[in-house]
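**Q**
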Ligand code: DUC
Ligand code: ZN
Ligand code: ZN
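Residue numbers (the UniProt record's numbering): 1 to 457.
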């Protein structure tokens with residue numbers, strides 16, 4: 001035995017109970033009422049909760065976007081993840097024109113592998129679908145990459161997949177066991193509304209929201225779900241942020257379709273009111289934060305199980321880059337931060353009584369592991385799985401500030417948000433990578449996780 005975590009309250013998606021945990025060679029090898037340490041390192045977790053590390057299934061690290069590159073490198077992003085109790089990160093690898101799927105993942109891996117402080121995987125964004133790419137989906141699944149994303153937006157940027165592309169990929173996913181994710185918003189409406197506001201001289205961050213309000217997102221959610229239902233294939237909607245979309249997901253799931261929805265902490269905490277603030281441009285991301293009714297629907301969707309996962313869409317830009325859009329919202333690079341805040345924020349909401357701790361573990365760890373095919377290793381505290389473990393102090397109060405975050409970004413949208421309870425230790429495969437506010441890990445420690453999806457519904 002290398003490590004024994006004693007006297008803590010273990011919380012998984014299904015259970016809450018007191019037990020000791022024994023770890024050897026990075027794996028959980030024993031869970032029992034009492035484990036003798038026999039000289040192993042001992043962590044006394046009396047009065048603390050012991051949770052599986054979170055999985056952030058949606059990040060954009062050092063991604064070329066919006067005329068620059070997102071501000072957190074793989075090192076900074078995964079360091080911040082570790083300090084927020086996230087032990088696995090799924091990053092998006094953008095296919096360049098003419099490139100293959102596995103080639104795309106391997107190129108990103110060259111950048112990521114020497115920097116990663118926690119384990120990681122890639123979803124490949126398909127932006128150039130050709131017959132060879134469709135044929136390559138099966139090999140990519142065999143290679144351990146069974147998840148792909150398409151953008152239903154970003155037409156002018158050359159990233160958009162039209163309905164034909166989406167449907168071909170959905171059909172292929174059915175044959176291969178892959179899962180297709182979609183960023184769902186209506187591009188034509190966004191372009192039209194944006195042009196109109198600019199002509200009228202309406203250029204503040206508020207008009208970022210107004211150019212893509214609730215109904216613009218809802219239409220694309222409904223269209224994506226319509227195709228998935230019609231072809232009888234699974235689909236995963238990333239960063240769902242509007243009420244009508246939640247309702248459509250629920251309808252489809254109630255009919256027995258394998259439809260998954262993800263939402264993000266920023267949509268659960270902030271509303272579109274942030275775009276009226278002086279620093280409103282810092283909150284500009286797509287889809288934008290919505291009104292209160294949508295926020296309530298998202299919380300309800302989590303409670304009912306219609307929203308399956310929480311992830312961050314972590315894609316931060318520095319203040320100076322956000323400032324490009326001071327006088328024109330279309331020049332603001334889209335994206336917000338959250339990689340270090342997801343688990344602490346959700347756990348704090350549980351600690352304040354909004355949802356159960358088990359539910360937080362389900363949506364932040366177990367469900368992403370199952371849906372994206374790494375639940376043999378991740379997502380719970382069970383003998384045989386990786387010792388990705390967070391020790392959480394429910395009594396520790398924490399106020400989020402740029403100064404106590406660990407990323408490379410020079411501000412945080414979460415500044416001043418007060419949390420009840422906070423992670424005090426994070427273990428990645430048994431290695432202590434975070435303790436009491438300090439990062440203790442090392443770049444290059446994180447491993448690429450090969451995945452295999454199973455049909456769940
Ligand atoms: N939306 C963002 O806000 N940033 C990155 C990509 C995206 O779709
Ligand atoms: Zn997106
Ligand atoms: Zn994203």
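Every residue gets a Cβ at the ideal spot worked out from N, C-alpha and C, and that includes glycine.
Please name the residue in 360, 281 and 296 whose C-alpha comes closest to that of residue 318.
**A** The shortest Cα separation from residue 318 among 360, 281 and 296 belongs to 281.
**Q** Confirm the yes/no value for this check: CB of residue 264, any heavy atom of ligand 1, distance under 7 Å.
**A** Every heavy atom of ligand 1 is 7 Å or more from the Cβ of residue 264, so no.
**Q** From residue 461 to residue 216, what distance separates their C-alpha atoms?
**A** The first residue shown for the chain is 1 and the last is 457, placing residue 461 beyond what the model contains.
**Q** How would you call residue 453, buried or exposed, if buried means at least 16 neighbouring beta carbons within 10 angstroms?
**A** That one is buried.
**Q** Comparing the CB of residue 58 with every heavy atom of ligand 5, is any distance shorter than 7 Å?
**A** Because ligand 5 does not appear in the structure shown, any question about it cannot be addressed here, the ligands present being ligand 1, ligand 2 and ligand 3.
**Q** Using only CA atoms, which one of 16, 61, 299 and 174 lies nearest to residue 138?
**A** Nearest option by C-alpha distance: 174.
**Q** Kindly indicate which three-state DSSP category residue 385 falls into: helix, strand or coil?
**A** Coil.
**Q** Assign residue 309 to buried or exposed, taking buried as 16 or more other Cβ atoms, counted over all protein chains shown, within 10 Å of its Cβ.
**A** It counts as buried.
**Q** Mind checking which residues open and close the beta strand (DSSP E) that includes residue 181?
**A** Looking at the DSSP string, the run of the beta strand (DSSP E) that includes residue 181 is 179-183.
**Q** May I ask which residues mark the beginning and end of the alpha helix (DSSP H) holding residue 109?
**A** Per DSSP, residue 109 belongs to the alpha helix (DSSP H) from 101-112.
**Q** Taking only runs that begin and end inside the stretch 230-255, name each unbroken beta strand (DSSP E) of 3 or more residues, in chain order.
**A** The stretch 230-255 contains these whole beta strand (DSSP E) runs: 235-237.
**Q** Please find out if some non-hydrogen atom of ligand 3 comes closer than 7 Å to the beta-carbon of residue 91.
**A** False, no ligand heavy atom lies under 7 Å from that Cβ.
**Q** Could you tell me how far apart the beta carbons of residue 52 and residue 361 are, in whole angstroms, since I believe they sit closer than 8 Å?
**A** Right, the Cβ-Cβ distance comes to about 6 Å (below 8 Å), so this counts as a contact.
**Q** Nearer than 7 Å: is that true of the beta carbon of residue 238 relative to any heavy atom of ligand 3?
**A** The answer is yes for residue 238.
**Q** Could you pull out every residue in the same chain whose Cβ sits closer than 7 Å to the Cβ of residue 81, ignoring the five residues on either side in sequence?
**A** If we look at residue 81 and ignore the five residues flanking it on each side, its Cβ neighbours are 56, 89, 118, 339 and 340.
**Q** Does DSSP classify residue 369 as helix, strand or coil?
**A** Three-state result, residue 369: helix.
**Q** Would the C-beta of residue 315 count as close to ligand 3, meaning under 7 Å from any of its heavy atoms?
**A** Yes, the Cβ of residue 315 comes within 7 Å of a heavy atom of ligand 3.
**Q** Tell me the DSSP secondary structure of residue 38 in three-state form.
**A** If DSSP states are grouped into helix, strand and coil, residue 38 belongs with coil.
**Q** Contact defined as beta carbons within less than 8 Å: I believe residue 218 pairs with residue 244. What is the distance between those atoms, to the nearest angstrom?
**A** Right, their Cβ atoms sit about 4 Å apart.
**Q** Alpha carbon to alpha carbon, how far is residue 181 from residue 148? Give it in angstroms, no decimals.
**A** Each residue's alpha carbon lies about 6 Å from the other.
**Q** Let me know if residue 211 comes out buried or exposed under the rule of 16 or more other beta-carbons within 10 Å of its beta-carbon.
**A** By the 10 Å Cβ count, residue 211 comes out buried.
**Q** Taking the runs of the beta strand (DSSP E) that are 3 residues or longer, which of them lie wholly in the stretch 33-90?
**A** Entirely contained in the stretch 33-90, the beta strand (DSSP E) runs reaching 3 residues are, in chain order, 41-44, 49-52 and 54-59.
**Q** So, do the stretch 401-418 and the stretch 370-390 have three or more beta carbon pairs nearer to each other than 8 Å?
**A** With the cut-off at 8 Å, the stretch 401-418 and the stretch 370-390 do not touch.
**Q** Residue 263 and residue 241: beta carbons closer than 8 Å?
**A** Yes, Cβ-Cβ distance for residue 263 and residue 241 is below 8 Å.
**Q** Would you give the residue range spanned by the alpha helix (DSSP H) that residue 135 belongs to?
**A** Taken as a continuous stretch (DSSP letters only), the alpha helix (DSSP H) holding residue 135 covers 131-143.
**Q** Could you check how far apart the C-beta atoms of residue 430 and residue 116 are, in whole angstroms? I think they sit under 8 Å.
**A** At roughly 17 Å, the Cβ-Cβ gap does not stay under 8 Å, so residue 430 and residue 116 are not in contact.
**Q** Starting from residue 406, trace the beta strand (DSSP E) in both directions and tell me its first and last residue.
**A** Residue 406 -> no beta strand (DSSP E), and no H or E assigned at all.
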